[in-house]
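Chains as they are written, first to last, in the working numbering: chain A, 955 to 1837; chain B, 2 to 282; chain C, 1223 to 1436.
This report refers to the structure that appears directly beneath it.
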Amino acid sequence: MKLKTYCYQCVAGPDLLEVEVKDGVATEVTPNFDAAGIHPGGGRVCVKAYGLVQKLYNPNRVRSPMKRTNPRKGRDEDPGFVPISWDEAFDLIAGKLNSIRSKGLLDESGYPRVAASFGGGGTPQSYMGTFPAFLGAWGPVDMGFGSGQGVKCTHSEHLYGEFWHRAFTVSPDTPLAEYVISCGANTEASGGVVGVWRHAQARIRGLKRVQVEPHLSITGACSAQWVPIKPKTDAAFLYALIHVMLFEHPRERLDLKFLQDHTSSPYLVGPNGFFLRDPETKEPLISDTLEASCVRDAVEIGPDEEILSRGQLQGETAFAKLLAHMKPYTPEWAQGVCDVSAAAIRRIAKEYLDHAHIGETIQIDGKTLPFRPVAVALGKTVNNGWGGFECCWARTMLAALVGALEVPGGTLGTTVRLNRPLSERHASVRPGPDGFMAYPLNPTDKAHWSAAPNIRNAYRTLVPLAADGPWSQALGPTHFSWMFLGETPPGLPRVTYPELWFVYRTNPAISFWDTRQVAERMAQFPFVVALAYTRDETNHFADVLLPDQMDLESLQLIYVGGSKYIEQFWKHEGYALRQPVVKPAVDARDFTDIATELAKRTGLLERYNASINRGTAGVPLKGETWDFSLDTSKAHSRDEIWNAVCQAASAELTGGKETQGLEWWKAHGLRVKPFPQSDWYLFPTLAAQGLRFELPYQERLWRVGRELERRLHEHDMRWWDFQLAEYQPLPAYKDFPAIWEGQLRSAGGSPQDYPFWLLTSRSMQYAWGGNVAMQLIREVAENVAGHGGVIINAKRATELGIAEGDAVEIATPKARVRARAVLRQGIRPDTLLLIAQFDHWATPYAKDFGVPSLNRLAPMSLQLTDATGSGADVVRVSLKRAA
Amino acid sequence: MSSHFGPNPWIQQHWDWRASGNFVFGGAGSGLLLAAALALPLGPARGVSMALGLLLVALGLFSVLMKIGKPLRALHVFYNPRTSWMAREAWVAPPLFATAVYAFLRPSTQAEILFGAAALAYAWCQARILHAAKGIPAWREPRLIPFIVATALTEGASVAALVALAYGTPSRLVYGLVAAALLARAGAWFSYSVKIAPVLAGRARDALQAVTPVLLWFGTFGALALIAAASALPRAYAWPLVAAAAAAAVGTGWRAKHVLVTRAALNQGFSLPKVPVRGAR
Amino acid sequence: MTRWAMVADLRRCVGCQTCTAACKHTNATPPEVQWRRVLDMEVGEYPEVKRVFVPVGCQHCADPPCMHVCPTTATRKRDDGVVTIDYDLCIGCDYCAVACPYQARYRVKAPTYAYGAPIASEAKQHDSRRVGVSTKCTFCADRVDAGLAAGRKPGVDPEATPACVNSCIAQALHFGDAADPASNVSQLLAENQFFRMHEELGTEPNFYYLWDRK
């Protein structure tokens, strides 16, 4: 018997699969070939899904609810977990929750008393059933204790990407692209089934991808060319490309019409760096030509609505400003900074222009759209942390210069998570100020900015671009939640420990930075409820372990299709069901039943059910002609709830014609309706509303930055000044590697003594965690170089007397780890690479790997935090043979 | 990454000392039987040599039996003499035992020829077993065949000389056979190792090259000098010299075979004649 | 006459090991036994280095050295080119393993499991006949045969196609009848440049590696 379900264990999913079940035993995972024509990866699942059978039967699973008996918490303390009944577990948790509720949901500092952390870029939501409805019913919850989000995601891309083109993540239009410059985007390891599928097709079609990165990743391997670049200098490379296009090729090689009509290029900029505006309407003044300098009757408005100048004002177009700004960034300059030859930079710039097809169009869904098959992709560590802003800006500029932004073949956004509605990217395109799209910036004006954050990481106070939606908490400086527990900087209410912390599908004690410090902080948390698959490094500090039914045991319907993260561009949209394929292998409960029980025991059932009725489970239960709403007064079983959701989904997809419930979905697994390919492209939607892309000149961000500076200084908060420098109308290149060297010095080291850049890289087998305990995954991952140790340039290693397999020590002034040497040719001599994030000390099976992690060495540091609140996985280290 | 999974060649992990035991003991045993047929006159020395030879062959077969996964099915080894040298070796073993016993009980020139031929066939099969293993460059090299046969005869002849001496029947013939076999073996090794060393790398090559000086200085020239001296000395003085020569000849031969099977046996690994074109060039 | 063949497009392969894992599922091989696996190779020296992912396993040679050396006739070649092992004949001498130039053969000496004791899925699929004897990729011959019997086309219909091919997320692995000029694999071989591994050894593998278009 084969049962259909989905895998959403990484953010590049979901993907669809079938599970072979023999006599009630799951034996085999296979693709769902029935979905081959719908799923953009041919109905296949990646290697991770093949770990699910072992994940189900892993003898190391937490087999029943457990409670801690040792009140002392610490890495070296045995928690003394003992099995308890589900009833006792719920009593413990509900007792705590009810006592919190009686005290008030916020504590004396104004922070939520309840916190929750989920991992995996939003993927746990596809496994947590109706728990979001419980959290919604509860009220304020601090979801800003990071387990990687914020600092390890493609953070600058998320924030600036959404700002510029509704691109929470950015992708080339791979099926049509001809030329892609990829700075460290490791699509073949992190792009999931669909990413791999689309790029493999594109390679055969002749797509030329130039991979620019310090080590030869999987994606570098699968590219036409590898350009080794010095870590954290990608912005210099990208700036030089822009320079070459602006100064070494005829202007006509650019898409001048696009720049004139669809960007801020012709906006006139005044002497103080703000747009010249019509004195009456306050609308920006726009030049008829791209490169103009003129005098106009105008007003220039600065931060806090201040009139900076008025009258006959000298203005220069944003494009002219761009020219002057980019003039110094020659290929020769870049070569000295990033170690890529000027000739290579010129060649790549030329090839990009040669493939841009300026002026050409293509028919998609009967619509005539511009065809610009060139794109730039950025990877993690390039598009987050210092330099991330500059790289994202340069990437988006490279697209804008040739009109390749949000058009077929070009650089595309995928989905929105900060703008609303979350479900529909095009609907988030609404007119904002000055002819650009609206963006829900956190307020920086005097009346609305607040020095009292809603949660501990202070995203609303410090990061205007993080917006204030459901995802914003996780997109603030999530390391601050951990850091400020030690010492809260002046101006913020003292950061407190949450009284109750829910943890699900995340392991910050492994996946964050300075994992020792994170673990020490965790040990102080008074009450931790961990939804637990196996024992791990985070739930080592828990008070209650709750085994929720795992992927193949539980039930949930999720939205699939449209355009989603990474490379998930579908031509359909609809819903897919995850269903129990076998009886639970342990005494686990479905997360939906756990959520319902918690709601019941905390008196929140009405609000919980109402939340589900509104659509928190993925589909509003009431539509135009249908109503499957739950009776809010009573507790419903898992199957009752999801049956209603399934019926509503059926009705939604068929306009109310069909209303099949759970049984139909269990048999079919998937139901979709067409999603037009033309909806992959945002450009027509902007053009139809007469809106422009907010490039090249960042007047709005410049203003916001100045306002934020004033607000912070008004509250004597000067510790964010370094970050405020990021708010620039045209970002200047800064010496980014020097920021890490500076941090090294402040930690007591010198760059000479710590000459290596330690980086990390994605492993498809282990991406997004959750399967380190699978023997199968370990076994097959060992076929991929680097899973057993630290990758070192072979020649450099030999010079240091290090041979393959030798034990080596990697150190910072504060911490040191041991690893086995893996000698490879595909890495710069100044770079070391530790794949994925291991270093487990509690997780059964994984704790015996003996492979370290960058996370132990990476410091949590204000200095290394950029203005968006993110950092990057880069550490300066020393390397020597271990004694 | 586990270094056991290439892609550079790695030392085969399938055949261990038990597999090499077949070549070590079986080679020496068949060599001893062959030497007995060629150079020992009828008498106790030949009888003892033949018994010892059969014992060594049996020890070799027992060694393999200890290694295989399904020892209870050992008789399946006879199923494929059509193409398999291992099956052929198995087929030769019973006649070898039978003819040797027959020759012991009913000595005759024909019987000598029969068991001598069976012994040679056994050694030949062993050489061809290695040669047919296409996955191991150091084994499939044709120049290994003469060495395997020559070392079998060398080991056997030197033991035969010692046994002959023990029973007071040393002869120029047996000393001459030892000397000739030693020289032939040295030549075969030299020819083989010169050809194969460049094919190997790393520890496998080091192991192979470490065989050469020992095999030449101790196993050949040392043994030759001892045999030469022994042949000119009375028995009381000769036997320690012959014993030493036999030890040198046998020890170096066994070591060479053990190294070949277990330590120099790099497999084929993987190599690419072309690198794939990813997208455009 | 049918001649089953595997085609691996090295331009597509990303070394993800999905095929490795899928093979282990379908064929229920014990830990460390990988009838299909993908090598992670480097060619050249920094900075002029290429990294190549190469699916390997039994090459189902037309002239298989493993078959010739097998003393028991356990290893045989079917008329359709599939090289098979009769687990009831094999004595586990490993001669085939050293004769194979592709390191494709495995033998476990005792039952082994992912976590020591067998988990439910392992217990369900355990086959004691495979302990102590030589095993290797079968080209999923049982799937191919069952598929053919059900009127399916191997290499086209998933039910009749080897698990590794079905699972491949890059469409790098293809399976089909190389003797049929109209088949998927024949088309790929006609349109692209290819090589076979260790061609100089004369084993005539039925496993082809594509590396460029013609």
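Using N, Cα and C, we set each Cβ at its ideal position, and we do this for glycine too.
Computed from a predicted model, the values in this text were never measured in an experiment.
{"Item": "Among A:Lys1749, A:Ala1539 and A:Leu1170, which has the Cα closest to the Cα of C:Ser1343?", "Value": "A:Ala1539"}
{"Item": "Looking at chain A, which residues of the segment 1237-1252 of chain C have a Cβ within less than 8 Å of any of its Cβ atoms?", "Value": "Gly1237, Cys1238, Gln1239, Thr1240, Thr1242, Ala1243, Ala1244, Lys1246, His1247, Thr1248 and Ala1250"}
{"Item": "Do the CB positions of A:Asp1793 and A:Ile1464 come within less than 9 Å of each other?", "Value": "yes"}
{"Item": "In terms of alpha-carbon separation, which member of A:Pro1443, A:Gly1557, A:Asn1052 and A:Thr1335 lies closest to A:Val1166?", "Value": "A:Thr1335"}
{"Item": "Go to C:Phe1275, then tell me how far its beta strand (DSSP E) extends in each direction, as first and last residue.", "Value": "Glu1270 to Gly1279"}
{"Item": "May I have the straight-line CA-CA distance separating A:Phe1390 from A:Ile1240, to the nearest angstrom?", "Value": "13 Å"}
{"Item": "Distance cutoff 9 Å, beta carbons only. Does B:Leu62 sit that close to anything in chain C?", "Value": "no"}
{"Item": "Please list, in chain order, the residues of the segment 1251-1277 of chain C that have any C-beta partner in chain A closer than 8 Å.", "Value": "Pro1253, Glu1254, Gln1256, Arg1259, Val1260, Leu1261, Asp1262, Glu1264, Gly1266, Glu1267, Tyr1268, Pro1269, Val1271, Lys1272, Arg1273, Val1274 and Phe1275"}
{"Item": "Just the C-alpha distance for B:Ser21 and B:His259, rounded to the nearest angstrom, thanks.", "Value": "5 Å"}
{"Item": "With distances taken from CA atoms, which of B:Pro8, B:Val25 and B:Asp17 is nearest B:Ala250?", "Value": "B:Val25"}
{"Item": "Does the contact criterion of 3 or more C-beta pairs under 8 Å hold for the segment 1225-1245 of chain A versus the segment 1173-1186 of chain A?", "Value": "no"}
{"Item": "I'd like to know whether the C-beta of B:Met67 is nearer than 9 Å to at least one C-beta of chain C.", "Value": "no"}
{"Item": "Out of B:Ala101, B:Ala99, B:Leu115 and B:Ala133, point me to the one whose CA is closest to B:Ala88's CA.", "Value": "B:Ala133"}
{"Item": "How about the segment 177-188 of chain B and the segment 153-160 of chain B: do they share at least three Cβ pairs that are nearer than 8 Å?", "Value": "yes"}
{"Item": "What residue range is occupied by the uninterrupted alpha helix (DSSP H) comprising A:Leu1046?", "Value": "Trp1040 to Lys1057"}
{"Item": "DSSP beta-bridge partners for C:Thr1357?", "Value": "C:Tyr1328"}
{"Item": "Rounded to a whole number of angstroms, what is the C-alpha to C-alpha distance between A:Pro1385 and A:Ser1125?", "Value": "24 Å"}
{"Item": "Per DSSP, what kind of secondary structure is A:Ile1548 in: helix, strand or coil?", "Value": "helix"}
{"Item": "What residues from the segment 1168-1184 of chain A come within 7 Å of chain B, judged by C-beta to C-beta, listed N to C?", "Value": "Cys1176, Ser1177 and Ala1178"}
{"Item": "Of all the options B:Asp207, B:Val195 and B:Ala182, which has the alpha carbon lying nearest to the alpha carbon of B:Ala266?", "Value": "B:Asp207"}
{"Item": "Would you decide whether B:Ser4 is buried or exposed? Buried here means 16 or more other CB atoms lie within 10 Å of its CB.", "Value": "With a pLDDT of only 39 at B:Ser4, under 50, the local geometry of the prediction cannot be trusted, and the value read off the model is given with reservation. By the neighbour-count rule (16 or more Cβ atoms within 10 Å), B:Ser4 is not buried but exposed."}
{"Item": "State whether the segment 1283-1294 of chain C contacts the segment 1250-1258 of chain C, with contact taken as three or more CB pairs (one from each stretch) at a distance under 8 Å.", "Value": "no"}
{"Item": "How about A:Arg1528 and A:Gly1577: are their beta carbons less than 9 Å apart?", "Value": "Note that residue 1528 of chain A is Gly in the sequence shown here, rather than Arg. Contact: no."}
{"Item": "Could you name the residues of the segment 267-280 of chain B whose beta carbon sits closer than 7 Å to any beta carbon of chain A, in the order they occur along the chain?", "Value": "Arg279 and Gly280"}
{"Item": "Taking only beta-carbon atoms, is A:Met1199 less than 9 Å away from chain C?", "Value": "no"}
{"Item": "So, under 8 Å CB-CB, C:His1396 and A:Tyr1004 are touching, yes? Tell me the CB distance rounded to an integer number of Å.", "Value": "Their Cβ separation, rounded to whole angstroms, is 20 Å, which puts C:His1396 and A:Tyr1004 out of contact at 8 Å."}
{"Item": "So, under 8 Å CB-CB, A:Ala1048 and A:Thr1556 are touching, yes? Tell me the CB distance rounded to an integer number of Å.", "Value": "6 Å"}
{"Item": "Near A:Pro1638, what residues of its chain come up, given a Cβ to Cβ distance below 8 Å and the 5 sequence neighbours on each side ignored?", "Value": "Lys1321, Leu1323 and Ser1632"}
{"Item": "Does A:Ser1632 come out as helix, strand or coil in the three-state DSSP assignment?", "Value": "helix"}
{"Item": "I'd like the span of the alpha helix (DSSP H) that includes B:Lys196, first residue to last.", "Value": "Arg173 to Ile197"}
{"Item": "Grouping DSSP H, G and I as helix and E and B as strand, with all else coil, what is A:Thr984?", "Value": "strand"}
{"Item": "Chain C partners of B:Ser85, CB-CB under 7 Å?", "Value": "His1290, Val1291, Cys1292 and Pro1293"}
{"Item": "Could you check if A:Trp1673 is buried or exposed, using at least 16 other CB atoms within 10 Å of its CB as the buried criterion?", "Value": "exposed"}
{"Item": "Given that a residue counts as buried once 16 or more other Cβ atoms are within 10 Å of its Cβ, and exposed if not, what is B:Pro235?", "Value": "exposed"}
{"Item": "How is the alpha helix (DSSP H) around A:Asp1215 delimited, first residue to last?", "Value": "Leu1210 to His1216"}
{"Item": "Short check: CB of B:Ala124 to CB of B:Ala112, under 9 Å?", "Value": "no"}
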